[in-house]
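Under our numbering, the first residue of the sequence shown is numbered 107, with each subsequent residue one higher. Note that the Cβ used here is the ideal one computed from N, Cα and C, for glycine as well. Source: prediction; values computed, not measured. First up is the structure itself, then whatever we jot down about it.
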Amino acid sequence: MAISAALPPAGPRRLPSGHRVMSRRFVLASLHASAALATVFAARAALAQSSAPSLPAAAATTAPVFANGMAQVVPAWRDSTAWIRHDLWVETDFDSDRDGRKDRVHVDVTRPAQTEGGGLKVPVLYGASPYFAGTSRDDAMWNVQQELGDQPSPRRALAAPVHQPNRRRISNVLVNEWVPRGFAVVHSEAPGTGLSQGCATVGDYPERAPMKFVIDWLNGRAKGFTSPTGREEVRATGWSTGKVGMIGTSYEGTLPLAAATTGVKGLEVVVPVAPNTSYYLYYRSNGLVRSPGGYLGEDADVLYDFVASGDPATRAKCDVIWKSNVFAGPNGQDRATGDFNNFWKKRDLLPHVKNIKAAVLLAHGLNDYNVTPAHSVRIYDEMRARGLPVGLYLHQGGHGGNPPADMLNRWFSHYLYGVDNGVPGDQSAYIVQDAAAQAPMASVPPAVPEGAPAPNPRLRVTALPTPFATFPVPGTVPVTLHPTAGGRGIASLAFAPAAAGAESLTDDVAFSGSALASAPSSANRLLYATPVFSDTVHISGTPRVTLRMAANVKAVNLSVWLVMLPYDSARVGSQSYKGNVSHGWADLQNAKALTQGGNYASNHRGTALKAGEYRDVTFDLEPTDEFIPAGKQLAVMIMSSDREFTLWPKAGAELTLDLAKSSFRIPVVGGVNALQKAGMR
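And the structure:
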């Protein structure tokens with residue numbers, strides 16, 4: 107009964123068996139499911155039509171049915187052979203390929219038969235994606251073996267995705283679950299992909315805005331046409347109530363949130379699952395070049411190559427306009443410094459949150475290091491600060507993972523059908539805190555369309571969340587801890603700062619963070635730990651570190667892990683480990699901007715380090731909600747290069763930590779008292 111029943115759950119970015127096989131999957135992982143389904147349903151192209159077929163006037167009108175506040179399957183809407191399916195092109199207000207004509211985006215519709223001549227109007231569930239038409243089968247990342255500050259060596263372009271000019275049916279995602287419950291389902295292909303016009307711009311306005319015009323078309327405010335260039339119109343006002351909800355995962359979760367930030371009238375509710383809310387946060391970190399987990403060397407231009415499945419003739423123009431100029435220009439993505447600039451500012455949703463009018467239910471895995479949890483938490487915090495309707499669902503898995511099926515149904519039933527089911531009074535935060543011990547989230551297994559890849563049960567989030575008024579959970583108090591001497595071994599964390607002292611580590615990317623956290627001693631990291639806990643300690647919120655550090659070279663990576671000891675290096679989530687609590691990365695060169703943590707959007711350029719000169723930096727690690735059980739220690743590990751995320755400079759740089767001027771602010775439920783109860787003095 108899960109809303110994404112037709113989608114394989116989040117996992118490794120490898121395409122499902124029977125579709126395409128690649129050595130690596132590039133971006134925003136589990137969304138490839140949409141491309142997989144596009145191929146599955148392309149074989150049914152006969153169902154796609156340029157306009158809706160006529161039905162007999164005697165088609166029966168059927169009313170939606172609700173039980174326990176949730177939309178139920180109505181037998182009259184269950185027969186998929188009777189569903190009305192058609193496609194069209196909706197006109198936007200931009201011209202991303204600069205051909206002198208406004209771009210049109212390709213849209214398909216699936217709706218109950220009774221919406222044609224039967225007097226029935228229904229709300230819409232809408233999914234948008236650049237993946238629906240397929241993606242590149244190639245693999246060409248940037249070489250991460252690069253000194254910080256140097257210009258990177260050129261990258262080979264990916265082979266272009268295969269363009270499918272006759273593929274009219276976009277997707278069947280959401281259809282089998284929601285059309286029988288009284289919703290129409292709409293999909294659209296992003297500009298520069300599939301049969302949509304224009305260029306792929308990876309987060310710029312032409313990617314953020316198209317959904318607004320589709321929603322305007324559903325409300326009679328924008329024009330839809332039967333062909334990409336024709337003037338024959340298609341209207342939705344005869345079957346659409348104008349109320350729209352959106353849902354999707356990763357890239358397909360980014361676009362619903364982007365649509366909400368336009369403030370478009372008619373978009374009532376969105377459920378962004380693992381959304382990328384800032385391309386800077388996705389490809390950079392606090393002034394540092396950093397890759398998304400599992401995709402070392404990926405960057406915005408790689409993503410452009412990966413998704414650009416549109417008309418090859420237009421794609422060549424788009425390469426010149428966007429890839430060769432906007433992305434690669436002097437004010438583009440900049441892999442030499444990793445600094446923030448206007449390129450990244452245009453690809454950040456946070457400044458647009460003030461425009462949101464829809465209710466938002468954000469969902470994220472706390473072990474997601476592809477799209478890290480900070481992406482959702484930053485939007486949640488901003489919406490709460492502005493008094494906007496927002497909920498947050500957090501689970502202990504990796505990339506992807508929808509909220510429980512009943513929760514989704516209640517949200518859609520309330521906001522799209524007006525069912526009084528208590529949703530506005532829901533708790534603000536739902537957190538899956540112990541997946542192994544919780545009950546299954548649904549007793550009914552998800553339906554999988556014929557021919558679609560089966561879900562991987564190991565990757566489904568199968569636990570019910572605990573409701574809280576907020577995240578961090580109530581009762582959380584930040585506790586400041588300080589390092590003491592001996593970090594090349596396992597030194598202590600203390601409530602009081604050290605009187606004085608400094609200690610050093612040597613950068614060597616040959617050692618993974620997991621190996622360094624497992625080592626009893628190492629010259630390549632500094633490790634500071636609490637005593638072994640005698641009671642469970644609950645960490646909830648965003649840890650923050652303040653470090654005074656120096657280096658003997660002009661630029662170094664700086665990586666900080668919050669871990670449990672003894673360290674467990676078993677894999678969990680997306681590029682994470684069971685022993686991880688949180689991660690963070692920063693560039694000492696950007697110390698001028700790193701003064702208080704929070705969202706990094708500073709135009710201050712980094713300045714080269716001078717040997718022996720200390721820099722003070724404060725920055726946040728990733729949000730977390732984790733129980734540290736009795737018998738474990740909580741520890742902070744400082745290292746330089748992180749071989750799974752950062753660039754790989756030559757080994758040998760030395761970093762020195764000023765113990766007296768460094769500290770770690772840890773959000774602990776119960777504060778100091780909880781730590782003392784667990785044995786810390």
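message = Is it buried or exposed, residue 789, if we count other Cβ atoms within 10 angstroms and call 16 or more buried?
response = No answer is possible for residue 789: it lies beyond the span of the chain, which begins at 107 and ends at 787.
message = Could you tell me which whole beta strand (DSSP E) segments of length 3 or greater appear in the stretch 649–682?
response = 650–657, 663–671
inquiry  = In this structure, how does DSSP classify residue 446 when only helix, strand and coil are distinguished?
reply    = coil
inquiry  = Suppose contacts are defined by Cβ-Cβ distances below 8 Å. Is residue 373 in contact with residue 364 by that definition?
reply    = no
inquiry  = Report the start-end ranges of each alpha helix (DSSP H) in the stretch 313–363 that is 4 residues or longer and not cut off at the edges.
reply    = 316–324
request  = Quickly, what does DSSP pair residue 395 with across the bridge? List them, please.
outcome  = 390
request  = Have a look at residue 621 and residue 209 and give me their C-alpha separation to the nearest angstrom.
outcome  = 51 Å
key: Collapsed DSSP secondary structure at residue 220 in the structure displayed   = helix
query = Identify the residues that DSSP records as bridge partners of residue 686: which are they?
reply = 669
query = So what does DSSP say about residue 621, is it helix, strand or coil?
reply = helix
task = Just the C-alpha distance for residue 661 and residue 450, rounded to the nearest angstrom, thanks.
result = 22 Å
ask   = Hey, residue 582 and residue 646: beta-carbon distance below 8 Å or not?
value = yes
message = Within 10 Å of its beta-carbon, does residue 736 have 16 or more other beta-carbons around it, so buried, or fewer, so exposed?
response = exposed
inquiry  = Give me the residue from 505, 448, 678 with the minimum Cα distance to residue 476.
reply    = 505
query = What are the partner residues of residue 573, as DSSP defines its beta bridges?
reply = 536
Continuous alpha helix (DSSP H) stretch holding residue 195: start and end = Not the alpha helix (DSSP H): residue 195 falls in the beta strand (DSSP E), residues 190–197.
query = When the distance is taken between beta carbons, is residue 729 closer than 8 Å to residue 480?
reply = yes
message = Output needed for residue 265: all residues of its chain with C-beta closer than 8 Å, excluding positions within five of it in sequence on either side, in chain order.
response = 242, 243, 244
query = Mind checking residue 716: buried by the 16 CB within 10 Å criterion, or exposed?
reply = exposed
key: Buried or exposed by the 16-neighbour rule on C-beta atoms within 10 Å, applied to residue 337   = exposed
query = Residues in its own chain within less than 8 Å of residue 471 by CB, not counting five upstream and five downstream?
reply = 116, 380, 479, 500, 501, 502, 503, 504, 505, 506, 507, 567, 679, 680
key: Classification of residue 283 by the beta-carbon crowding that lies within 10 angstroms, buried from 16 upward   = buried
query = Taking just the CA atoms, how far does residue 324 sit from residue 540?
reply = 42 Å
inquiry  = I'd like the span of the beta strand (DSSP E) that includes residue 294, first residue to last.
reply    = 290–295
task = Can you have a look at residue 710 and say buried or exposed, based on whether 16 or more other CB atoms are within 10 angstroms of its CB?
result = exposed
query = Hey, how far is the Cα of residue 764 from the Cα of residue 466?
reply = 43 Å
ask   = Helix, strand or coil: how does DSSP classify residue 720 here?
value = coil
query = Cβ atoms of residue 613 and residue 746: under 8 Å apart, would you say?
reply = yes
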